[in-house]
Amino acid sequence: MVFKSLLKREVKAIIKNPGFLVTLMVIPLFYVSLGTFMNTGIRTTVNQYSGVIGVVDEDNTALSRAFTAYLNDTLNGRVRLATSLSETQDFSTLVVIPRGFSSEALNSTPRLVTYTPLGSLSLTSIGSLPPLLLQGSFNEALRYALAAVKSNTSISFYGNATVCLNPKIVYEGRILDYGKVNTDIGFGLVSTFVVAILMSFTMGFATQASAVEKAEKAFELLLSQPVKRVYIALAKILASIIAAVIMGAVLFGSLFVSVLSMSPPSQSTVQATSVNYPVASQAIDLNTVLYMLVTVVLGTLLSGGLGVIVGGLVSDERTAGIVVTPLMMVMFGLAIIVQFTGLSLNTPTSVVSGLTVAPMPLLLSVSSTIGDYTYFYVALASNLAEVVAVYALAFKVYNSEVVITGLQLRGKT
Numbered sequence: 001m002v003f004k005s006l007l008k009r010e011v012k013a014i015i016k017n018p019g020f021l022v023t024l025m026v027i028p029l030f031y032v033s034l035g036t037f038m039n040t041g042i043r044t045t046v047n048q049y050s051g052v053i054g055v056v057d058e059d060n061t062a063l064s065r066a067f068t069a070y071l072n073d074t075l076n077g078r079v080r081l082a083t084s085l086s087e088t089q090d091f092s093t094l095v096v097i098p099r100g101f102s103s104e105a106l107n108s109t110p111r112l113v114t115y116t117p118l119g120s121l122s123l124t125s126i127g128s129l130p131p132l133l134l135q136g137s138f139n140e141a142l143r144y145a146l147a148a149v150k151s152n153t154s155i156s157f158y159g160n161a162t163v164c165l166n167p168k169i170v171y172e173g174r175i176l177d178y179g180k181v182n183t184d185i186g187f188g189l190v191s192t193f194v195v196a197i198l199m200s201f202t203m204g205f206a207t208q209a210s211a212v213e214k215a216e217k218a219f220e221l222l223l224s225q226p227v228k229r230v231y232i233a234l235a236k237i238l239a240s241i242i243a244a245v246i247m248g249a250v251l252f253g254s255l256f257v258s259v260l261s262m263s264p265p266s267q268s269t270v271q272a273t274s275v276n277y278p279v280a281s282q283a284i285d286l287n288t289v290l291y292m293l294v295t296v297v298l299g300t301l302l303s304g305g306l307g308v309i310v311g312g313l314v315s316d317e318r319t320a321g322i323v324v325t326p327l328m329m330v331m332f333g334l335a336i337i338v339q340f341t342g343l344s345l346n347t348p349t350s351v352v353s354g355l356t357v358a359p360m361p362l363l364l365s366v367s368s369t370i371g372d373y374t375y376f377y378v379a380l381a382s383n384l385a386e387v388v389a390v391y392a393l394a395f396k397v398y399n400s401e402v403v404i405t406g407l408q409l410r411g412k413t
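Mind the numbering: the sequence shown is residues 1 to 413 in UniProt numbering, read in order.
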């Protein structure tokens, strides 16, 4: 009976905590929205893959015409003839058959240049680029075309014939190299998770640093010392950032070692790629790396400030954990959302990215890809303004008596 009473008391204490009730409302609403965003990104990719393919035949030979005809048959009539690159936006992908295609097909490996218009750059849109998914259809159409032109040969004779793709991406009116886009956006998406994880660690440590001392009645002794309360807040924030960086280094180092320890596939299972793009274009720009470091610093400073505010306002460490958990989950949720939806280059998106921080690495990568950092600067300015406001509030909380007692969020038990 004693244990039952204790259990009932603890459950009631948690359930009646307003922070717990708010968390129960925030998490479903946020993750239902998350699912909607993910579904939108996936649907956009599916529609793009199943869309109409345009073909510009610059070679205009019997083989290139046969290739176009067989490609149309392979794709169930989804191929349309186009006249120039100006029609790119009318198709999900525009395929250009360059001059010399027939000669290359008869003697070596022919090349195709593809142009795919994208509304956003994301994991799904780049990873599911139609030309890459249609590689098998291009190869099959080439084999049938070669067999048709060489009437005395069987299609099995050309079983190894393949097409080498040179994919281009059309974004914001610019023609971008697939290799650079893939590298930049991949770097941005990985960095998004890095920033989200470091911010979550920092916020958690900063919140607990304040809440635990308050519960242990150590705050009164600390605040009685001849030290400005602002310095106490800054010390907790910086200590939380250092702890988060150490924790992050251990986490990412462990992941890196685990990846290196994986056995590579045998040589026989590795297929030669049929995608061609310059290796030099895959290098990460130094400015991008420097801006990324600035984003990490600002993100951890912001989350540290939010953490000491939460820790200063709550009355105990239990409430601190309940309040800070949904905030950390939102950070991870934002990192997941941009993986599927990407980011549009406009002022509202830039401001939201700056205020939430987690999407900023992807915004930076998109800006680096197109060579225009205007919208990233907007996000950076928004983030700086938010950091200043958060720190002003944090210092105000620490200079008030509420930092000792905490807000009485818990209802009567």
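Glycine included, C-beta positions come from ideal geometry on N, C-alpha and C. Since this is a predicted model, take the numbers as computed values, not measurements.
(Q) Can you tell me whether Ala280 is helix, strand or coil according to DSSP? (A) The predicted position of Ala280 is uncertain, since its pLDDT is 39 and thus under 50; a value taken from the coordinates is nonetheless stated next. Of the three classes helix, strand and coil, the one that applies to Ala280 here is helix, per DSSP.
Q.
Can you tell me whether Pro117 is helix, strand or coil according to DSSP?
A. strand
Q.
Applying the 10 Å Cβ sphere with the 16-neighbour rule, what's the burial state of Glu401?
A. exposed
Q) If we count the other Cβ atoms within 10 Å of its Cβ and call it buried at 16 or more, is Ala385 buried or exposed? A) Burial is judged here by how many other beta carbons sit within 10 angstroms of a residue's own beta carbon; Ala385 has fewer than 16 and is exposed.
Q. Where does Ser350 sit, in a helix, a strand or coil, going by DSSP?
A. helix
Q) Buried or exposed: Phe256, going by 16 or more other Cβ atoms within 10 Å of its Cβ? A) exposed
Q | Extent of the continuous beta strand (DSSP E) to which Lys168 belongs | A | Cys164 to Tyr171
Q: Write down every uninterrupted run of the alpha helix (DSSP H) in the region 51–113 whose length is 4 residues or greater and which is fully enclosed by it, in chain order.
A: 62–74 and 101–107
Q. Tell me which same chain residues have a C-beta within less than 7 Å of the C-beta of Ala206, skipping the five on either side of it?
A. Lys236, Ile237, Ser240, Gly304, Gly307, Val308 and Gly311
Q: Within the same chain, show all residues whose beta-carbon is closer than 7 Å to that of Val79, passing over the 5 residues directly before and after it, in chain order.
A: Ile53, Val55, Thr68, Leu71 and Asn72
Q: Work out the CA separation of Phe340 and Leu146 for me, nearest whole Å.
A: Going from the Cα of Leu146 to the Cα of Phe340 covers about 39 Å.
Q.
Give me the DSSP bridge partner(s) of Arg229.
A. According to DSSP, which records beta bridges pairwise, Arg229 is partnered with nothing at all.
Q | Closest residue to Ser125 among Asn182, Val190, Gln208 and Val163 (Cα-Cα distance) | A | Asn182
Q. What are the boundary residues of the alpha helix (DSSP H) that Leu345 is part of?
A. From DSSP, Leu345 is part of no alpha helix (DSSP H); its letter is neither H nor E.
**Q.** Beta-carbon proximity list for Leu407, same chain, < 8 Å, skipping 5 on both sides
**A.** Leu313, Val314 and Ser315
Q) From which residue to which residue does the alpha helix (DSSP H) around residue 415 run? A) No information on residue 415 is available, as it lies outside the stretch 1 to 413 that the chain covers here.
Q | Assigned exposure category for Val195 - 16 Cβ within 10 Å defines buried | A | By the neighbour-count definition (other C-beta atoms within 10 Å, threshold 16), Val195 is a buried residue.
Q.
In the DSSP assignment, the beta strand (DSSP E) including Leu176 goes from what residue to what residue?
A. Per DSSP, Leu176 belongs to the beta strand (DSSP E) from Arg174 to Asp177.
Q: Specify whether the region 178–192 and the region 354–369 touch according to this definition: at least 3 beta carbon pairs, one from each stretch, less than 8 Å apart.
A: yes
Q. So is Val330 buried or exposed if we call it buried at 16+ other beta carbons inside 10 Å?
A. buried
Q. Could you give the C-beta distance for Val163 and Leu142, rounded to a whole number, given that I count them as a contact under 8 Å?
A. With 8 Å as the limit, Val163 and Leu142 qualify as a contact, their Cβ atoms being about 5 Å apart.
Q: Could you pull the start and end residues of the alpha helix (DSSP H) that Val314 belongs to?
A: No alpha helix (DSSP H) holds Val314; DSSP gives it neither H nor E.
Q: Would you check if the distance between the CB atom of Thr116 and the CB atom of Thr93 is smaller than 8 Å?
A: yes
Q) Taking the alpha helix (DSSP H) that Ala394 falls in, what are its first and last residues? A) Thr374 to Tyr398
Q) Are the region 374–381 and the region 335–353 touching, with three or more C-beta to C-beta distances below 8 Å? A) yes
(Q) Using the Cβ count rule (16 or more neighbours within 10 Å means buried), how would you classify Ser86? (A) exposed
Q: Compare the beta carbon distance of Ala249 and Val149 with 8 Å and say whether it is the shorter of the two.
A: no
**Q.** Nearest residue (CA-CA) to Leu123, options Gly342, Ala392 and Ala233
**A.** When Gly342, Ala392 and Ala233 are compared, the shortest CA-CA separation from Leu123 is found for Gly342.
Q | Whole-Å CB distance - Asp59 paired with Gly100, under 8 Å assumed | A | Approximately 7 Å separates the beta-carbon atoms of Asp59 and Gly100; this is inside 8 Å, confirming the contact.
Q. By how many angstroms is the C-alpha of Leu75 removed from the C-alpha of Leu81?
A. 14 Å
(Q) Taking its Cβ as the centre, do 16 or more other Cβ atoms sit within 10 Å of Ser5, making it buried, or is it exposed? (A) Ser5 is classed as exposed because its beta carbon has fewer than 16 other beta carbons within 10 Å across all chains shown.
Q. Three-state secondary structure (DSSP) at Gly186?
A. In the three-state scheme derived from DSSP, where H, G and I count as helix and E and B as strand, Gly186 is classed as helix.
Q) What number of angstroms, rounded off, separates the C-alpha of Pro28 from the C-alpha of Gly35? A) 10 Å
Q) Just curious, the alpha helix (DSSP H) that Pro361 is in, first and last residue? A) Met360 to Ile370
Q. Which residues mark the beginning and the end of the alpha helix (DSSP H) in which Ser125 is found?
A. Leu123 to Gly127
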